[in-house]
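Residue numbers (the numbering used here): 132 to 239.
See the structure below:
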């Protein structure tokens, strides 16, 4: 049975399917892809322009696209707090925070 990214396996318990939430590049620096599927033929080093063009290709308006960017910009502190209060080791927390900062600078 699958429900909301959770898999219930008989005799094995409940497992969360969260591979898409795992930043593999932190534990495996050789894996440089940022996405499983490409946007504009790219899976890494995406920029704000790539995201805007993707949104326009979905017939979103500039106003809708800008609202998404504004919403994400406003969530940075919350994301940092989640990382800081996670069960990750201090070194992994710092790696996550560095990655978050780098992606915010490039995408937002």
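All residues carry an ideal CB built from backbone N, CA and C; glycine is no exception.
query	result
8 Å Cβ cutoff, residue 172 in contact with chain C	Among the protein chains of the structure shown there is no chain C, as only one such chain exists.
Residue 225 versus residue 192: straight-line alpha-carbon distance, rounded	36 Å
Length of the line joining the Cα atoms of residue 238 and residue 199	12 Å
Rounded C-alpha distance that separates residue 169 from residue 187	16 Å
Alpha-carbon to alpha-carbon, residue 219 and residue 208	18 Å
Endpoints, alpha helix (DSSP H) assigned at residue 230	221–238
Beta-bridge partners of residue 124, as assigned by DSSP	Since the first residue shown for the chain is 132 and the last is 239, residue 124 is missing from the structure and cannot be characterised.
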